[in-house]
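With the first letter of the sequence shown counted as 1, position 66 gets the number 66 in UniProt numbering; the numbers rise by one all the way through.
Note that beta-carbon positions come from the ideal geometry of N, C-alpha and C, so glycine has one too.
Report on the structure given below.
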Amino acid sequence: MALQQPHLQSYRDALVWASGLLEAAGEELTDTPGLDASLLLAHAAGIDRTTVFVRLPDRLSEKEANRFRTLIHKRLTGTPVSYLTGRREFWGLDFLVNNAVLIPRPDTETLVEAALEAIGAGMQEAEPGKGMRGGGLRILDLCCGSGCIGIALASELPEAEVVLSDISSAAVDTALRNRQRLLPVDQDIVVMRSDLFGGLFAMAPFDLIVTNPPYLTDDEAEAMASAGWEEPDGALRGGKEGLSLIRKIIPASRHVLRSEGYLFIESAPSQSGEISRMLQEEGFLKVSVKKDLAGRDRVTGGQWAKKRA
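Right, here's the structure in full:
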């Protein structure tokens, strides 16, 4: 796309120009053109977004203007804002992101909420010395990507032991950087590479497993790739029905969960019924579905209440 090179004299000029271009590109690119423009201008200028609006009348340096034009051009070709800035806020925390990991979504905060609710209920119901009251809480963030879910939980539960795992070495590196930036150095957090539960049995049992696995169907993943989607295919593609990994995770989780421990899975709204059925079939109790802010089924979970042999 050929991009006009107007003279951007002030921060206001830059915002008006970029917001207009992004809005004209349509909602298929972005439904928040003004937000995108302000985030990218802040990044180009090396300031926070609030300061952009304080400086609206101020002069933009030529270096900042050139950097901003380049960012807007990349945004117009489809690169997500978070990949351009290398940052994404999630659960009030500023995460590093790159094209090796999914960009954290607000919908995924529903998974954090479900986990915290279950922990609160579990601590109230458990007998002293057992379950979530005994020996410290142990949490697993499976398919952790950037680490946003596990780190968000660790920020709320500083006494818990939290394990973040992913099959992607690049994702593990990103999660480790976020752990180092966002949590105290002495907090009990492990970040490791593992193919699902393969490397995790020695760390079991867990009181809680949370996971946002790949759950797009092959057709959906192909359509996104054709449209120029830049997020990693391995973090999106879940097989023909989008449930390939989930069908492995549910039965295997029984072998690493503590009795009365919980499993929570993020998925597409259309998959919650089948996931509920699988959980019940595998012996999970208290199976429930939690809706996201838009009222769509987003997180399905249950409690593993049978004693392990």
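Outcome for L56 when other beta-carbon atoms lying within 10 angstroms are tallied against a minimum of 16: exposed
I149 versus L111: straight-line alpha-carbon distance, rounded: 8 Å
Cα-Cα separation between V97 and D173, rounded to whole angstroms: 11 Å
Which residue marks the beginning of the beta strand (DSSP E) containing Y262, and which one marks its end? L257 to E266
With a threshold of 8 Å, are at least 3 pairs of Cβ atoms found where one atom belongs to the region 240-259 and the other to the region 203-221? yes
Secondary structure at R138, three-state DSSP: helix, strand or coil? R138 falls in the strand class under three-state DSSP.
Which class does S10 belong to by DSSP, given the choice of helix, strand or coil? Three-state DSSP puts S10 in a strand.
Here's the rule: buried if 16 or more other CB atoms are within 10 angstroms of the residue's CB, otherwise exposed. What is P6? exposed
Under the assumption that P213 contacts C143 (Cβ atoms under 8 Å), give the Cβ distance between them as a whole number of angstroms. 5 Å
Rounded C-alpha distance that separates W304 from S10: 59 Å
Spatial distance of V185 from E62 (CA atoms): 40 Å
CB A221 to CB L236, shorter than 8 Å? yes
Under 8 Å between the Cβ atoms of G242 and A268? yes
Residue range of the unbroken beta strand (DSSP E) whose run includes E89: R87 to F90
Cβ neighbour criterion (16 or more within 10 Å) applied to D141: buried
When we look at the beta-carbon of A44 and count the other beta-carbons within 10 Å, is it buried (16 or more) or exposed? buried
Since R179 contacts V191 with CB under 8 Å, what's their CB separation in whole angstroms? 6 Å
Flag this pair as touching only if the region 90-105 and the region 32-48 have three or more C-beta atom pairs under 8 Å; answer yes or no. Output reads no: the region 32-48 does not touch the region 90-105.
Less than 8 Å separating the beta-carbons of L8 and F68? yes
Compare the beta carbon distance of R193 and D218 with 8 Å and say whether it is the shorter of the two. no
Quick check for students: name the residue ranges of the beta strand (DSSP E) that lie wholly in the region 170-206, counting only runs of 3 or more. 189-193
So is L285 buried or exposed if we call it buried at 16+ other beta carbons inside 10 Å? The residue is exposed, with fewer than 16 neighbouring Cβ atoms inside 10 Å.
From this set, L293, R298, R247 and V289, which residue's C-alpha is nearest E281's C-alpha? Answer by Cα proximity: R247.
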